[in-house]
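Top line first, the protein sequences correspond to chains V and Y. For the first sequence, the numbering used here begins at 1 and goes up steadily by one. For the second sequence, the numbering used here begins at 1001 and goes up steadily by one.
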Amino acid sequence: MFWILLACTEKTAEVVELPEEEEYIEEEVAEPSFEDAPNTEDVVFDEVPPQMLHLVHSGIWNLAPIAGPYTTMFGELNIQEQINGNGIFPYCDFTFAVTGHEIDSLCPTCDFGFAIEFFVQEPVPPEEGEEVLEAPEEIPIAESIEDCFTPELPDHQETRVLAYSIADEMLYFDYFNTGIWVPWYPATFIHDTLEVYYYEEIGFYGVGDD
Amino acid sequence: MISLFVLLYGCEEKVDTVTVEAYVPPEDLELPSLDGIDIGAAFTEAITMVGKVQLNPAWQGNREALSYKRPTCPDLYVGENDDMDMPADAVVWQDFCNTGTGLSYSGFTAWTGRLERSGDIESEVGEIINGTRQMSGQAVVSVNGETIYEFKGVGEDSLYRVQSPTYDRWTYATTINGMIRGTESTGLNSGFRSDLYIYATGGDTRSLESRGNVFWTSHRIQDRFDSAAMDIYLLDPSSAGPDDCALEPKGWIGIRDERAYWYDLVFMPMDAEDDAGYEDDDRSVCDGCGTLYLRGTETIDYGQVCPDFSSIWTETLIDLPQAEDFIFTFQQAQHPQ
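Below, the structure is given as structure tokens:
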């Protein structure tokens, strides 16, 4: 009722003191032209991801017999994923034991190749007296290899066909046994070993709510 | 409450005036002329154009657009993103960036592909290909202001093919809800916007089933029609069985001219049981002809139209993806060769 009555009365203007006016400086403003679209193509800009994921896949693969032609291989492949470069508590840190035997069909530029079984190893228990750092609760840690975010990682006990090209210094993947070879890991061939080292720094959306 | 109303009413005088104008009946609709239009050929061309409305342009265009990428332009992403209606293992690029050479990326695309292949195409048993792809995007890639790739929407497709020296059979299904254009995807002036589902078979049995709508951004059928809508099933006469009608499709197809008039060509009912809309039995016979209507008016019947769809059954009716087309890995996207 009060508000309605108030609405019928004349409104008296309140006197408000304005702050002192600052000296006005006319800025040069470019008039927008609709005839010529603004040329932003020469300006370099690049939106930066709010979070980054660092992927580090590395390992030494031993080839046998010595000096080849190689018929078997064995070694390890460590898969590490670090959120925003946190290497102290990496989100994902698993090691595959890899063993392989020779295959017949290779990619066109490849020199040797193997059908390789990927076997996730149990984490090495800390030695007696070794200090173990506990990750704070707010830092997410992957519980299994399936939780890692690198696309198309091998599953535990999965067998994949990979072949190496000395010229390309690249391991190629026979994509799920389809006969289509795709580049997989850069690797260096030195003295009957392959040193695999794959590093990427990519945008990261987060681990989700679970 | 009544006292409030009285108070409010007392604040302001209000005078209502009502003007009654004499009713003027609308002018009779002047029917659009089809002079100079080969309407049968227009529907045939519409069908061949519909066969190109599939995921391939969006997929290949994305791949081509990324072949120009720089290390962080655009950025590839992994992780959980609830805003994208895509599987968790999808590969994503997302950015708003310019390489400084006139190339710019804006928005995102997410994609995932699967391929299974077994057997030997040279063997008697043959080879089996089973591939699926999904894509989602709100992306524009341009070079010096010219759009080379634009994909806004979602799409998916799947192919199952058995092929041997003496045998070939495939089924292909695709759905596109969105817009695709750009020189690296659909080619120059060949974009489209659609919500269309296609199911096609080929090899020993050729058929095409299509439901939905498509608008071509530049192409005009017979310089007049810019869109098509349909719920239609076509069967290659050479694949027809004894109980099939080899002469005409089932269902209907409409094309729209640039003045927004829709012309619907209605054939036999899709299913024998689903003939509620077919009151005239004469129009449900297998005679190779459909009845042409102007949509949105009271049964404006142009009469019978008998298009010849036999010319659509070519190898290029559907741009069938090859096995390689189902694979576009994270590494390939990150390090284009």
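Every residue, glycine too, gets a C-beta built ideally from N, C-alpha and C. Note that this is a predicted model, so its numbers are computed, not measured.
- Item | Under 9 Å between C-beta atoms of V:I180 and Y:R1117 | Position 180 of the first sequence holds residue 180 of chain V. Position 117 of the second sequence holds residue 1117 of chain Y. If you check the CB distance, V:I180 and Y:R1117 come in under 9 Å.
- Using CA coordinates, which residue listed in Y:T1112, Y:A1139, Y:D1168 is at the minimum distance from Y:D1204? Counted from its first residue, the second sequence places residue 1204 of chain Y at position 204. For the set Y:T1112, Y:A1139, Y:D1168, the Cα lying nearest the Cα of Y:D1204 is the one of Y:D1168.
- Query: For chain Y, is any of its Cβ atoms less than 9 Å away from the one on V:G203?
  - Reply: Residue mapping note: residue 203 of chain V aligns to position 203 of the first sequence, counting from 1. Yes, V:G203 lies at the interface with chain Y (some Cβ there is under 9 Å from its Cβ).
- Query: Any idea if Y:Y1172 is buried or exposed, counting beta-carbon neighbours within 10 angstroms, 16 or more meaning buried?
  - Reply: For the purposes of this step, residue 1172 of chain Y is taken as the residue at position 172 of the second sequence. Y:Y1172 counts as buried, since at least 16 other C-beta atoms from the protein chains shown sit within 10 angstroms of its C-beta.
- Between Y:N1056 and chain V, is there a C-beta pair that is closer than 9 Å? Looking up residue 1056 of chain Y in the second sequence gives position 56. Judged by the 9 Å Cβ criterion, Y:N1056 is not in contact with chain V.
- Measure from the C-beta of Y:T1099 to each C-beta in chain V and report whether the shortest distance is under 9 Å. Along the second sequence, read from residue 1 onward, the residue named residue 1099 of chain Y stands at position 99. Y:T1099 counts as touching chain V.
- Query: So Y:I1253 and Y:F1043 are in contact, right, with Cβ under 8 Å, and what is the actual spacing, rounded?
  - Reply: On the second sequence, residue 1253 of chain Y is found 253 positions in, with the first residue counted as 1. On the second sequence, residue 1043 of chain Y is found 43 positions in, with the first residue counted as 1. Contact flag correct, Cβ pair sits at about 6 Å.
- In chain order, which alpha helix (DSSP H) runs of at least 4 residues are fully inside the segment 1029-1093 of chain Y? List check, alpha helix (DSSP H) in window: 1039-1050, 1056-1066.
- Message: So within the segment 49-137 of chain V, which uninterrupted alpha helix (DSSP H) runs reach at least 4 residues, ignoring any that extend past its ends?
- Response: Listed in chain order, nothing qualifies, since the segment 49-137 of chain V has no complete alpha helix (DSSP H) run of 4 or more residues.
- Nearest CA to the CA of Y:G1212: which residue from Y:R1193, Y:S1136, Y:R1224? If you number the second sequence from 1, residue 1212 of chain Y lands on position 212. The candidate whose alpha carbon is nearest that of Y:G1212 is Y:R1193.
- Message: Give me the chain Y residues within the contact set of V:G208, using Cβ-Cβ distance strictly less than 7 Å, ordered along the chain.
- Response: Numbered from its first residue, the first sequence carries residue 208 of chain V at position 208. Those are E1080, listed as they occur along chain Y.
- Message: Any C-beta of chain V within less than 9 Å: which residues of the segment 1113-1127 of chain Y qualify?
- Response: Listed by position, the residues of the segment 1113-1127 of chain Y near chain V (Cβ gap below 9 Å) are R1114, L1115, E1116, R1117, S1118.
- Message: Is there a Cβ of chain V sitting closer than 9 Å to that of Y:A1323, yes or no?
- Response: Counting from one through the second sequence, the residue named residue 1323 of chain Y turns up at place 323. At a cut-off of 9 Å between beta-carbon atoms, Y:A1323 makes contact with chain V.
- Should V:P90 be labelled buried (16 or more other beta-carbon atoms within 10 Å of its own) or exposed? Reading the first sequence from its first residue, position 90 is the one you call residue 90 of chain V. With at least 16 other beta carbons inside 10 angstroms of its own, V:P90 counts as buried.
- Item | Whole-angstrom distance between V:F176 and V:E128, CA atom to CA atom | On the first sequence, residue 128 of chain V is found 128 positions in, with the first residue counted as 1. On the first sequence, residue 176 of chain V is found 176 positions in, with the first residue counted as 1. Each residue's alpha carbon lies about 42 Å from the other.
- Message: With a threshold of 9 Å between beta carbons, is Y:L1320 in contact with chain V?
- Response: Your numbering for residue 1320 of chain Y matches position 320 in the second sequence. Any Cβ of chain V closer than 9 Å to the Cβ of Y:L1320 would place that residue at the interface, and such an atom is absent.
- Query: Which residues, in order along the segment 48-60 of chain V, keep a beta-carbon less than 7 Å from a beta-carbon of chain Y?
  - Reply: Taking a C-beta cut-off of 7 Å against chain Y, the contacting residues of the segment 48-60 of chain V are P49, L53, listed in chain order.
- Looking at the C-beta of Y:Y1167, does it have a partner C-beta in chain V at a distance below 9 Å? In the second sequence, the residue the question calls residue 1167 of chain Y occupies position 167. Taking Cβ atoms only, chain V never reaches closer than 9 Å to Y:Y1167, which makes this a no.
- According to DSSP, residues forming a beta bridge with V:T193: Here the question's residue 193 of chain V lines up with position 193 in the first sequence. Residue pairing by DSSP places V:T193 opposite V:N62, V:I190 in a beta bridge.
- For the alpha helix (DSSP H) that Y:A1333 lies in, which residues bound it at each end? Along the second sequence, one-based indexing puts residue 1333 of chain Y at 333. 1330-1334 is the extent of the alpha helix (DSSP H) around Y:A1333.
- Item | Y:S1123 versus Y:F1108, Y:S1164, Y:A1139, residue with shortest Cα-Cα distance | Counting from 1 along the second sequence, the entry for residue 1123 of chain Y is found at position 123. When each option's Cα is compared against that of Y:S1123, the closest is Y:S1164.
- Query: Ordered along the chain, which non-local residues of its own chain (more than five positions away) have a Cβ less than 6 Å from that of Y:I1128?
  - Reply: Position 128 of the second sequence, counting from 1, holds the residue named residue 1128 of chain Y. Once the five neighbours on either side are set aside, the close Cβ partners of Y:I1128 are S1118, G1119, V1162.
- Task: State whether the segment 106-113 of chain V contacts the segment 77-93 of chain V, with contact taken as three or more CB pairs (one from each stretch) at a distance under 8 Å.
- Result: Too few Cβ pairs lie closer than 8 Å, so no.
- Message: 9 Å is my cut-off, CB to CB: does Y:F1043 come that close to chain V?
- Response: Within the second sequence, residue 1043 of chain Y is the residue found at index 43, counting from 1. For Y:F1043, the closest Cβ of chain V is not nearer than 9 Å.
- Where does the unbroken beta strand (DSSP E) through Y:W1170 begin, and where does it stop? Taking the second sequence and counting its residues from 1, one reaches residue 1170 of chain Y at position 170. For Y:W1170, the enclosing beta strand (DSSP E) begins and ends at 1167-1182.
- Query: Taking 9 Å as the CB-CB limit, is Y:Q1138 close to chain V?
  - Reply: The residue given as residue 1138 of chain Y occupies position 138 in the second sequence. Answer no: the Cβ-Cβ gap between Y:Q1138 and chain V never drops below 9 Å.
- Message: Just to check my reading of the structure: Y:G945 and V:V44 have Cβ atoms closer than 8 Å, yes? What is that Cβ distance to the nearest angstrom?
- Response: Since the first and last residues shown for chain Y are 1001 and 1337, residue 945 of chain Y lies out of range.
- What's the C-alpha gap between Y:L1029 and Y:Y1302? Here residue 1029 of chain Y refers to the residue found at position 29 when the second sequence is read from its first residue. Here residue 1302 of chain Y refers to the residue found at position 302 when the second sequence is read from its first residue. Roughly 15 Å separates the two Cα atoms.
- Task: Grab me the residues of V:G68's own chain with a C-beta within less than 8 Å of its C-beta, minus the 5 sequence neighbours each way, in chain order.
- Result: Residue numbering aside, residue 68 of chain V sits at position 68 when the first sequence is read from its first letter. Taken in chain order, the residues that qualify are F112, D192.
- Message: Applying the 10 Å Cβ sphere with the 16-neighbour rule, what's the burial state of Y:D1083?
- Response: Your numbering for residue 1083 of chain Y matches position 83 in the second sequence. Y:D1083 comes out exposed.
- When the Cα atoms are used, what is the spatial distance from Y:G1102 to Y:P1336? In the second sequence, the residue the question calls residue 1102 of chain Y occupies position 102. In the second sequence, the residue the question calls residue 1336 of chain Y occupies position 336. Taking the straight line from one Cα to the other gives about 19 Å.
- Return the CA-CA distance between V:F119 and V:E146, expressed in angstroms with no decimal places. For the purposes of this step, residue 119 of chain V is taken as the residue at position 119 of the first sequence. For the purposes of this step, residue 146 of chain V is taken as the residue at position 146 of the first sequence. Looking at the two C-alpha atoms, the distance is approximately 13 Å.
- Chain-ordered chain V contacts of Y:L1066 [CB-CB under 8 Å]: Your numbering for residue 1066 of chain Y matches position 66 in the second sequence. For the C-beta of Y:L1066, not a single chain V residue is nearer than 8 Å; the gap to the nearest is close to 14 Å.
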